[in-house]
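*Asks:* For the sequence shown, position 2 (counting from the first letter as 1) is numbered 249 according to my numbering, and the numbering increases by one without interruption.
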Amino acid sequence: MEFINITIAQLNFRVGDLEGNLKKIADAWTSQDHLTHIVVFPELALTGYPPQDLFHSIGFLKECRKKLEELIEFSKRLNSFTVVGTPYYEGDLYNSLVLIGRGKLLGVYHKTFLPNYSVFDEKRYFRKGEKPFMVSLNGVKLGFSVCEDIWHPDGWERFYALCGAEVLININASPYYVGKYQFRESFLKARAQDNLAYVVYANLVGGQDDLVFDGRSLIIDPEGRLIFRASAFEEMVKTVSLPLEKVKSKRLMDLRLREKRVDCPSFLELQDERALPYLEGGVERDLAEEEEIYRALELGLRDYFFKLGFKKAVVGISGGIDSALTACLAVDALGKENVVGVFMPSPFTSEESKKYAFELAENLGIELLVCPIDELFNTYRRLFESEEISLAEENIQSRIRANILFYLSNKHHWLVLSTSNKSESAVGYTTIYGDMAGGFAPIKDVYKTMVYRLARYRNYIKPDIPEGLFVRPPTAELRPNQTDQDTLPPYELLDQILGLYIEEGLSKEEIVRRGFDRAVVEKVLDMLRKAEYKRKQAPLGTKISKRSFNGDWRMPVINFWKG
């Protein structure tokens with residue numbers, strides 16, 4: 248056989264929607280049946296990812312098996328084969344890949360390496376697999392694995408190659424964070440080159456809770472060159488032809504696979520005698536960092552909103568950069584007709600903030616409600632006979648605003664979007680049950696310096712954010728003449744220290760050795776430690792960093808360590 252046609256179905260599945268996911272699989276498979284030999288779907292496509300403790304429900308697992316049987320029955324209508332990720336229960340539970348075709352379950356592979364770090368908790372649910380799975384389709388040898396298996400240099404890929412496999416198929420649900428894609432592509436190229444084989448990498452796309460999956464499925468040839476890359480953050484179904492001569496030629500010239508012998512099990516023999524067209528791949532463009540992050544945040548918000556069935560989102564518009572970026576994300580993700588802004592001036596709100604809030608709403612084309620909080624604020628002050636403006640008076644303004652937003656949420660079934668960013672959340676410069684509060688926090692994992700970069704990127708696309716917001720000193724406007732730098736180091740300095748400690752895991756002493764002032768470092772880390780109780784009560788927000796405050800950061804609330 249001169250080539251084999253493989254389809255990657257990079258799709259957005261919904262957790263627990265077994266009926267909907269089954270239909271999506273069937274529709275995509277049907278659409279490509281006349282073009283392809285085999286259609287490849289992502290990890291746990293049947294259930295959506297991650298189902299978490301749904302895996303502890305026998306009823307859920309029985310329904311998964313029922314849907315799998317329906318897919319097997321459906322396959323009688325088609326000529327091609329398919330690979331689908333699904334939980335597989337047989338006395339114990341496995342994270343599995345199944346091969347289906349022509350009315351039969353042809354084979355099952357169980358994931359071998361179960362990740363148990365960061366957002367993953369697979370050892371809680373699954374037993375590890377111990378056996379390889381190989382197929383010969385029209386004489387083309389294929390080896391199969393699931394997600395984490397291919398991340399390990401000592402995974403099944405080398406075994407498959409030594410057994411003669413020319414195509415290595417790996418299905419994934421690999422969540423996004425900044426920089427992960429570059430690493431992922433580099434080691435997949437190494438797997439292809441080391442094993443002198445095609446690597447077919449099918450990844451999930453879409454948002455689920457705080458996770459977002461970027462897609463960017465790949466096919467890499469034996470020389471380590473991309474011949475196909477799917478779009479980032481979008482669904483895509485694409486069939487690509489893999490010429491086998493390239494593998495055979497490389498293996499004649501490169502002797503490494505001849506040096507070791509393994510005991511190979513027999514290949515499952517399959518045939519598909521149809522004459523199919525030869526189809527080129529295509530490599531979607533790389534994204535600049537700001538565009539990549541913005542699109543990740545946009546997709547995470549969109550799927551959270553629509554999958555939960557909300558009709559509109561409501562966001563407090565303060566006249567500051569955080570609420571401006573949040574409003575832009577909401578409009579781009581949900582449509583301007585589905586976004587309502589609320590401007591809630593206090594006695595300390597400047598005319599400048601009012602001007603920027605109204606200008607932003609007009610530029611975005613969203614409805615803007617105006618709800619002054621002066622009277623409510625003064626009621627609290629009279630109640631407690633307060634003459635001064637202390638921290639309590641500052642924070643009650645933020646909590647009054649949160650109450651207004653949640654009143655509107657309850658009244659109209661709107662989703663409240665928090666505008667709190669990662670820098671503020673890290674050091675506790677945010678009001679619990681105030682500006683922290685929300686049903687979702689789109690920029691929760693975005694440092695303040697990146698907020699400005701994303702806002703500038705968004706204005707490059709369409710200049711909706713008033714230019715004055717890029718130069719005015721950041722301020723919460725909770726007392727006269729307040730700025731953030733009354734309490735915090737400059738954000739350029741703060742974010743560097745936080746990044747070194749949180750993302751890179753450096754100690755206090757290591758950060759000081761990098762040239763940072765000891766007193767500033769100690770102040771920042773002390774604020775970080777003391778704010779843990781607030782972060783434990785914050786809403787979900789899309790993860791874009793390697794170590795977000797959602798599932799990646801697991802610090803005790805009561806913590807006396809100061810290193």
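Where a beta carbon is used, it is the ideal one built from N, C-alpha and C, also for glycine.
Taking 9 Å as the cut-off, decide whether the C-beta atoms of D457 and G547 are in contact.
*Replies:* Here residue 457 refers to the residue found at position 210 when the sequence shown is read from its first residue. Here residue 547 refers to the residue found at position 300 when the sequence shown is read from its first residue. Yes, the pair counts as a contact, with Cβ atoms nearer than the cut-off.
*Asks:* Short check: CB of P713 to CB of A571, under 9 Å?
*Replies:* Translated into positions along the sequence shown, residue 713 becomes position 466. Translated into positions along the sequence shown, residue 571 becomes position 324. Yes. Within cutoff.
*Asks:* How many Å lie between G348 and L384 at the Cα?
*Replies:* Here the question's residue 348 lines up with position 101 in the sequence shown. Here the question's residue 384 lines up with position 137 in the sequence shown. The alpha-carbon atoms of G348 and L384 are separated by roughly 12 Å.
*Asks:* Locate the alpha helix (DSSP H) running through R476, then write down its first and last residues.
*Replies:* Translated into positions along the sequence shown, residue 476 becomes position 229. Taken as a continuous stretch (DSSP letters only), R476 belongs to no alpha helix (DSSP H), being part of the beta strand (DSSP E) at 473 to 476.
*Asks:* Let's see if you can read the secondary structure: which residues bound the beta strand (DSSP E) around K388?
*Replies:* Sequence index remark: in the sequence shown, residue 388 carries index 141 (1-based). Where K388 is concerned, the enclosing beta strand (DSSP E) stretches over 387 to 393.
*Asks:* In the DSSP assignment, find the unbroken beta strand (DSSP E) run with F250 in it and report its ends.
*Replies:* Taking the first residue of the sequence shown as 1, we reach residue 250 at position 3. Here the beta strand (DSSP E) through F250 covers 250 to 257.
*Asks:* Are there 16 or more other CB atoms within 10 angstroms of the CB of Y428, so buried, or fewer, so exposed?
*Replies:* Taking the first residue of the sequence shown as position 1, residue 428 is located at position 181. Counting Cβ neighbours within 10 Å, Y428 comes out buried, since at least 16 surround it.
*Asks:* Residues in its own chain within less than 6 Å of D799 by CB, not counting five upstream and five downstream?
*Replies:* Walking along the sequence shown from the start, residue 799 turns up at place 552. Cβ neighbours of D799 beyond the five flanking positions: S365.
*Asks:* Leaving out five residues on either side along the sequence, give the residues of the same chain with a beta carbon under 7 Å from the beta carbon of F475.
*Replies:* By one-based count along the sequence shown, residue 475 stands at place 228. L465, I466, K485, V487, G528, G529, V530.
*Asks:* Just to check my reading of the structure: D396 and K436 have Cβ atoms closer than 8 Å, yes? What is that Cβ distance to the nearest angstrom?
*Replies:* Counted from its first residue, the sequence shown places residue 396 at position 149. Counted from its first residue, the sequence shown places residue 436 at position 189. About 17 Å separates the two Cβ atoms, so there is no contact after all.
*Asks:* With a Cβ-Cβ cutoff of 9 Å, do Y738 and L772 count as a contact?
*Replies:* Here residue 738 corresponds to residue number 491 of the sequence shown, with the count starting at 1. Here residue 772 corresponds to residue number 525 of the sequence shown, with the count starting at 1. Not closer than 9 Å, so no.
*Asks:* Would you please state the rounded distance, in angstroms, between the beta carbons of H418 and V393? I believe it to be under 8 Å.
*Replies:* For this step, residue 418 is matched to residue 171 along the sequence shown. For this step, residue 393 is matched to residue 146 along the sequence shown. Sequence inspection shows Ile at residue 418; the His mentioned does not correspond to that position. The pair is a contact, with the Cβ atoms about 6 Å apart (cut-off 8 Å).
*Asks:* Where does D550 land, buried or exposed, given buried means 16+ other C-beta within 10 angstroms?
*Replies:* Taking the sequence shown and counting its residues from 1, one reaches residue 550 at position 303. The residue is buried, with at least 16 neighbouring Cβ atoms inside 10 Å.
*Asks:* Between Y707, T666, N259, D368, which lies nearest to Y680 when the distance is taken from Cα to Cα?
*Replies:* For this step, residue 680 is matched to residue 433 along the sequence shown. With distances taken between Cα atoms, Y680 lies closest to T666.
*Asks:* Alpha carbon to alpha carbon, what distance is there between K323 and E538?
*Replies:* Mapped onto the sequence shown, residue 538 falls at position 291. Mapped onto the sequence shown, residue 323 falls at position 76. So the alpha carbons of these two residues sit roughly 43 Å apart.
*Asks:* From the DSSP secondary-structure annotation, give me the bridge partner or partners of S204.
*Replies:* The chain is shown only over 248 to 810; residue 204 falls outside these bounds and no answer can be derived.
*Asks:* My understanding is that K601 touches P592, with C-beta atoms under 8 Å, so please give their C-beta distance in whole angstroms.
*Replies:* Translated into positions along the sequence shown, residue 601 becomes position 354. Translated into positions along the sequence shown, residue 592 becomes position 345. Yes, they are in contact, since the Cβ atoms of K601 and P592 sit about 6 Å apart, within 8 Å.
*Asks:* Among the candidates A649, E599, I744, whose CA atom is the shortest distance from the CA of C618?
*Replies:* If you number the sequence shown from 1, residue 618 lands on position 371. Of the candidates A649, E599, I744, the residue whose Cα lies closest to the Cα of C618 is A649.
*Asks:* By DSSP, does S488 sit in helix, in strand, or in coil?
*Replies:* For the purposes of this step, residue 488 is taken as residue 241 along the sequence shown, with counting starting at 1. Three-state DSSP puts S488 in a strand.
*Asks:* Between A256 and S597, what straight-line distance do the alpha-carbon atoms span, to the nearest angstrom?
*Replies:* If you number the sequence shown from 1, residue 256 lands on position 9. If you number the sequence shown from 1, residue 597 lands on position 350. Their backbone Cα atoms lie some 52 Å apart in a straight line.
*Asks:* Among residues of its own chain, excluding the 5 on either side of E249, which ones have a beta-carbon nearer than 8 Å to its beta-carbon?
*Replies:* Here the question's residue 249 lines up with position 2 in the sequence shown. Excluding sequence neighbours, E249 sits near P490, L491, E492.
*Asks:* Figure out for me which residue from L581, P524, L664, N625 has the closest Cα to the Cα of V589.
*Replies:* Counted from its first residue, the sequence shown places residue 589 at position 342. The option with the nearest alpha carbon to V589 is L664.
*Asks:* Who are the Cβ neighbours of I620 in its own chain at under 6 Å, not counting the five residues just before and after it?
*Replies:* Numbered from its first residue, the sequence shown carries residue 620 at position 373. Cβ neighbours of I620 beyond the five flanking positions: M591, S593, I647.
*Asks:* Could you have a look at Q518 and say whether DSSP puts it in helix, strand or coil?
*Replies:* One-based indexing of the sequence shown puts residue 518 at position 271. Coil at Q518, not helix or strand.
*Asks:* Considering only C-alpha positions, which residue in the set N706, K790, A292, L555 is nearest to P334?
*Replies:* As a working note, residue 334 is residue 87 in the sequence shown. It is A292 whose Cα lies nearest to the Cα of P334.
*Asks:* Write down the C-beta distance between F380 and Y356 rounded to the nearest angstrom, noting that I regard them as a contact closer than 8 Å.
*Replies:* Counting from one through the sequence shown, the residue named residue 380 turns up at place 133. Counting from one through the sequence shown, the residue named residue 356 turns up at place 109. Right, their Cβ atoms sit about 4 Å apart.
*Asks:* Among the residues of its own chain, which have a CB less than 8 Å from the CB of K558, if the five just before and after it don't count?
*Replies:* For the purposes of this step, residue 558 is taken as residue 311 along the sequence shown, with counting starting at 1. The answer, listed in chain order, is N585, H659, H660, W661.
*Asks:* Taking the alpha-carbon positions, what's the L523 to E516 distance?
*Replies:* Here residue 523 refers to the residue found at position 276 when the sequence shown is read from its first residue. Here residue 516 refers to the residue found at position 269 when the sequence shown is read from its first residue. If you take the alpha carbons of L523 and E516, they lie about 19 Å apart.
*Asks:* Taking G454 as the reference, which of P469, P422, R431, A477 has the closest Cα?
*Replies:* One-based indexing of the sequence shown puts residue 454 at position 207. When only C-alpha atoms are compared, the closest one is P422.
*Asks:* If the criterion is Cβ atoms closer than 9 Å, does the pair E545 and D579 meet it?
*Replies:* Looking up residue 545 in the sequence shown gives position 298. Looking up residue 579 in the sequence shown gives position 332. Cβ atoms of E545 and D579: closer than 9 Å.
*Asks:* Exposed or buried, H284, counting other C-beta atoms within 10 Å across all chains shown (16 or more means buried)?
*Replies:* Position 37 of the sequence shown, counted from the first residue, corresponds to residue 284. Classification for H284: buried.
*Asks:* Return the chain-ordered ranges of every beta strand (DSSP E) run that is complete within the stretch 408 to 454 and spans a minimum of 3 residues.
*Replies:* 414 to 419, 445 to 450
*Asks:* For D339, which residues of its own chain have a beta-carbon under 7 Å away from its beta-carbon, when the five flanking residues on both sides are left out?
*Replies:* Translated into the one-based positions of the sequence shown, residue 339 becomes position 92. Excluding sequence neighbours, D339 sits near R374.
*Asks:* Please name the residue or residues paired with H357 in a DSSP beta bridge.
*Replies:* As a working note, residue 357 is residue 110 in the sequence shown. Looking at the DSSP assignment, H357 forms a beta bridge with S343.
*Asks:* Is there contact between the stretch 298 to 306 and the stretch 269 to 279, where contact requires at least three CB pairs shorter than 8 Å?
*Replies:* no
*Asks:* State the Cα-Cα distance for the pair E635 and A684, rounded to the nearest angstrom.
*Replies:* By 1-based counting over the sequence shown, the position of residue 635 is 388. By 1-based counting over the sequence shown, the position of residue 684 is 437. Rounded to the nearest angstrom, the two C-alpha atoms are 26 Å apart.
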